[in-house]
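J.: Residues -26 to -1, 1 to 180 (mature numbering (1 follows the signal peptide of the UniProt record, and there is no 0)) are what the sequence shown spells out, left to right.
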Amino acid sequence: MPAVRPRPLPFLLAALCAAAMANAQASPAYGVEVCTVTGTSGEYSVRVRNTGTGPLARADIAGVRLDAGGQAAGNLSVELADIPAGKYKTAVLGRHGDSVALVSIATYVSVQGVETRQEDLYAGKVAHVSPGSAVPYTLAPLAVRGWTVVYGSKLGPKLEAGSAVLLIYPARPGKKRDATRPEAGRAPADVVPLAPCRAPAGGKRS
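Quick look at the structure:
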């Protein structure tokens, strides 16, 4: 019976390197963090930071101008182009004296030179909390009417009634996006707080 020889050190190092590369590739290539900014001169802005390892081709921000009664009185849209990994850009939705609110964000990546929608994010609020329910949260739009989404589980994140949140949906190829509301009957993949930006971060401001 032939003797089994130990594998040489270079082979083991190559195997370890391959495992490390596999773990690195398992980390998300694309993702964003979103927060809001109210400036000293009264402007209202939305900051989108690229948390992935690859560049974002663009982010489309949709908002609404609000009237004195808090109802939508006009649509707003801002495009942020070319957000490098780890950097952020800021969309100014309103100036001094304006009353505005965020509605949604769509992020795009470039795949073989073609822009492809990556995620759809909708600004909402926790409209109702049902403790002990299998889906304890009812989420409603932050600034427009016409949709509600039930979300969560007993092991899910704790959300406070009335708090602002972002509903995150992976984009569906070939599915036309509605910038005003999530796809009916589809639960979000994740829900995260939508909060004021804590402090300026490194990156380019648009």
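Just so you know, even glycine gets a beta-carbon here, dropped at the ideal spot from N, CA and C.
Since this is a predicted model, take the numbers as computed values, not measurements.
Taking only the alpha-carbon atoms, compute the straight-line gap between leucine 113 and leucine 140 and give it to the nearest angstrom.
T.: Cα-Cα distance, rounded: 10 Å.
J.: Taking proline 147 as the reference, which of Asp72, Trp121, Glu89 and Asp56 has the closest Cα?
T.: It is Glu89 whose Cα lies nearest to the Cα of proline 147.
J.: Quick one: Cα of glycine 48 to Cα of glycine 120, how far?
T.: One C-alpha to the other measures close to 16 Å.
J.: I need the straight-line Cα distance from leucine 76 to alanine 153, nearest angstrom please.
T.: Each residue's Cα considered, the two are about 11 Å apart.
J.: Mind checking whether valine 22 and leucine 54 have CB atoms under 8 Å apart?
T.: Yes; because the gap between Cβ atoms is below 8 Å, this pair is in contact.
J.: Helix or strand or just coil, what does DSSP make of aspartate 41?
T.: Three-state result, aspartate 41: coil.
J.: What residue from Ala65, Val165, Gln45 and Val166 has the CA that sits closest to threonine 10's CA?
T.: With distances taken between Cα atoms, threonine 10 lies closest to Ala65.
J.: I believe aspartate 34 touches serine 51 by the beta-carbon criterion, under 8 Å. Please report the beta-carbon distance rounded to the nearest angstrom.
T.: 7 Å between Cβ atoms; contact.
J.: Is the beta carbon of glycine 28 less than 8 Å from the beta carbon of tyrosine 4?
T.: Taking 8 Å as the Cβ cut-off, glycine 28 and tyrosine 4 qualify as a contacting pair.
J.: What residue range is occupied by the uninterrupted beta strand (DSSP E) comprising valine 52?
T.: First-last of the beta strand (DSSP E) with valine 52: 46 to 57.
J.: Are there 16 or more other CB atoms within 10 angstroms of the CB of glutamate 134, so buried, or fewer, so exposed?
T.: Exposed is the call here.
J.: Which residue or residues does DSSP assign as beta-bridge partners of glutamate 93?
T.: Paired residues: Thr81 and Pro144.
J.: At the level of alpha carbons, what is the spacing between alanine 108 and leucine 129?
T.: Roughly 9 Å between the two C-alpha positions.
J.: Which of the three DSSP states, helix, strand or coil, is assigned to glycine 106?
T.: Three-state result, glycine 106: coil.
J.: Going by DSSP, name the residue or residues bridged to aspartate 34.
T.: According to DSSP, aspartate 34 bridges with Glu53 and Ala80.
J.: For alanine -13, does the count of other Cβ atoms within 10 angstroms reach 16, so buried, or fall short, so exposed?
T.: Low confidence applies to alanine -13: its pLDDT is 38, below 50, so where it sits in the model is not reliable enough to give any reading.
J.: Going along the chain, which residues of its own chain have a beta-carbon closer than 6 Å to the beta-carbon of alanine 101, five neighbours each way excluded?
T.: If we look at alanine 101 and ignore the five residues flanking it on each side, its Cβ neighbours are Thr112 and Ala114.
J.: Have a look at proline -17 and aspartate 164 and give me their C-alpha separation to the nearest angstrom.
T.: Low confidence applies here, because proline -17 scores a pLDDT of 37, under 50, leaving its location unreliable; read the following figure in that light. Cα to Cα, the separation comes out at about 43 Å.
J.: Name the one or two DSSP bridge partners that cysteine 9 has.
T.: In DSSP, cysteine 9 forms a bridge with Arg21 and Ala169.
J.: Under 7 Å Cβ to Cβ from methionine -6, same chain only, skipping five residues before and after it: list those, please.
T.: With a pLDDT of 37 at methionine -6, under the threshold of 50, the predicted position of this residue should be treated as unreliable, and no value is reported.
J.: Between alanine 59 and glycine 106, how many whole angstroms is the CB-CB distance? I'm expecting something under 8 Å.
T.: Not a contact, Cβ separation roughly 41 Å.
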